[in-house]
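Remarks on the structure that follows.
In the UniProt record's numbering, the protein residues as written are 1 to 152.
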């Protein structure tokens, strides 16, 4: 019976089919719009995320650049301090060598003075012994002269 209905109402059936096709197309179009809207929202979220990440990366890069610059300044200061330390070490070594030489000279002079003092004491003792001997001889000569006078 369907065939007869279709034959009787061919325009109605094609109109219904067109309407069904139109409704399906409209539904597909609406689904595509919804999906397109969702994709646009997702794309916008991705763009926002990319922009946020780019800003964060730029801030990190700037901070790293500042840190790198600060490290370069510190490295240069450390090199300057290292050079100054090396100069101070060299100066310290120079003064240590000078002190060692002066100490050696002092000990040598001290030994020389000790030897000179021992020698001077020996000479003084010899002189003292010579004077004592001369005094004894003079005293002895004086006694002999006094004895001679007494005898006369």
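Just so you know, even glycine gets a beta-carbon here, dropped at the ideal spot from N, CA and C. These numbers come from a predicted model, not from an experiment.
In this structure, the alpha-carbon of residue 113 lies about 21 Å from that of residue 128.
Residue 86 and residue 46 have their C-alpha atoms roughly 57 Å apart. Between residue 20 and residue 30, the alpha-carbon positions lie close to 15 Å from each other. If you draw a straight line from the Cα of residue 123 to the Cα of residue 146, it is about 33 Å long.
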